[in-house]
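Read the structure below first, then the notes.
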Amino acid sequence: MKKQIYLIFSIFLISVFCVNISIAGDKTKKEEKKAIRKARDKYLVLGLGFSYSKVIDKATSPLLYKGFGFPYVSLNYFVHSDKRIKSLEIDFAFNMLHTRTETPWYDPQIFSGNTAIRYNILYRIKKIYKNRINWYVGPEFNINNHFRVNYKYGNSAFNFDSYMGFGFATRFEFPFSYKSKKMKIWFMKFNRRDRNLRLSWQFSMPVINMIIRPSYVTITNFIDPDLQASVAGDQVSSGFF
2 MKKQIYLIFS
12 IFLISVFCVN
22 ISIAGDKTKK
32 EEKKAIRKAR
42 DKYLVLGLGF
52 SYSKVIDKAT
62 SPLLYKGFGF
72 PYVSLNYFVH
82 SDKRIKSLEI
92 DFAFNMLHTR
102 TETPWYDPQI
112 FSGNTAIRYN
122 ILYRIKKIYK
132 NRINWYVGPE
142 FNINNHFRVN
152 YKYGNSAFNF
162 DSYMGFGFAT
172 RFEFPFSYKS
182 KKMKIWFMKF
192 NRRDRNLRLS
202 WQFSMPVINM
212 IIRPSYVTIT
222 NFIDPDLQAS
232 VAGDQVSSGF
242 F
């Protein structure tokens with residue numbers, strides 16, 4: 002009887018010891034993951050500038066509209082670690098676009114706007130070019146919206162197209178650094194601190210896209226039957242610029 006009691010007590014102590022080791026191990030792993038997350042670089046980037054757009058909406062008009070716009074606003078939240086990059090980018094752009102033709106149905110100027118949302122998670126695949134450039138690949142999700150306002154269309158003045166898609170992105174990153182240095186130019190002294198910098202290039206390739214447009218957008222053969230004969234070739238062709 003005593004041997005059985007000792008055996009049961011020994012099994013109980015061993016099980017408690019194993020559970021304590023397991024809990025301690027899980028806690029250590031969680032603390033390590035938490036430390037890794039805290040060590041990641043985090044950036045919030047805000048950009049402001051001009052944009053240039055060229056638009057042909059062949060569902061409503063053969064005319065080419067183009068022009069510069071302000072403001073172009075870009076907001077990017079960026080999380081960077083040694084093995085993974087997460088990025089969320091939101092862009093806004095507003096333009097007044099022009100064409101050289103005005104008819105009873107087509108304005109020579111339209112208001113245009115663009116919004117874009119891109120989210121990607123990139124994983125480091127390998128180091129290339131003498132282990133100096135990091136190569137990342139991963140999925141990308143995007144939503145792009147483009148709207149236009151042509152007041153001569155009456156109750157169809159507002160027109161839009163929306164693209165939602167999935168694809169892949171690849172990123173090449175060249176990290177470099179320079180050491181601190183003290184300089185003196187005439188009577189002015191400069192202290193340059195240590196810096197760790199990165200040069201990055203990112204490319205995206207869509208795989209699946211879904212396009213949404215309003216049901217009233219298409220105008221069969223265009224509204225103005227004389228328009229085709231009254232416009233020049235450069236007013237209906239886009240080119241690169």
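Under the working numbering, think of the first position of the sequence shown as 2, with each following residue one higher.
Quick reminder that beta carbons are idealized off the backbone N, C-alpha and C, glycines included.
As the structure is a computational prediction, the values presented were derived from the model and not from experiment.
Quick one: using the 10 Å Cβ neighbour count with 16 as the cut-off for buried, is residue i buried or exposed?
i	result
Arg149	buried
Ser113	buried
Leu123	buried
Ser216	exposed
Ala60	exposed
Tyr154	buried
Val46	exposed
Ser62	buried
Asn197	exposed
Val56	buried
Tell me, please, which residues DSSP counts as bridged to residue i.
i	result
Leu65	Partner(s): none; Leu65 has no beta bridge.
Ala158	Paired residue(s): none; Ala158 is not in a bridge.
Ile176	In the sequence as presented, Ile is not what sits at residue 176; that position holds Pro. Partner(s): Arg199.
Asp42	His81
Ala60	Its beta-bridge partners do not exist; DSSP assigns none.
Asn192	Lys183
Lys55	Lys67
Tyr164	Asn145 and Ile212
Pro207	Gly168
Would a C-beta distance cut-off of 8 Å place residue i and residue j closer than the cut-off?
i	j	result
Asn145	Tyr164	yes
Val208	Phe167	yes
Arg125	His81	no
Ser52	Asn121	no
Asp162	Arg199	no
Tyr66	Thr100	yes
Ile111	Asn156	no
Leu98	Pro72	no
Pro160	Asp83	A small fix is needed here, since residue 160 is Asn in this sequence, not Pro. Not in contact: Asn160 and Asp83 (Cβ atoms no closer than 8 Å).
Ala158	Ser205	no
Ala94	Gly70	yes
State yes or no: is the beta carbon of residue i nearer than 8 Å to at least one beta carbon in chain C?
i	result
Arg101	The question asks about chain C, but that chain is absent: this structure has only one protein chain.
* Does the segment 125-138 come close enough to the segment 167-175 that 3 or more CB-CB pairs lie under 8 Å? -> Taking a cut-off of 8 Å for Cβ pairs, the segment 167-175 and the segment 125-138 touch, as three or more such pairs fall below it.
* Asked: What are the start and end residues of each continuous beta strand (DSSP E) run of 3 or more residues lying completely inside the segment 74-147, in chain order?
  -> 85-99 and 110-129
* Determine contact between the segment 59-78 and the segment 88-102, defined as no fewer than three beta-carbon pairs at a distance below 8 Å. => Output reads yes: the segment 88-102 touches the segment 59-78.
* Asked: Touch check for the segment 89-108 and the segment 189-196: three-plus C-beta pairs under 8 Å?
  -> no
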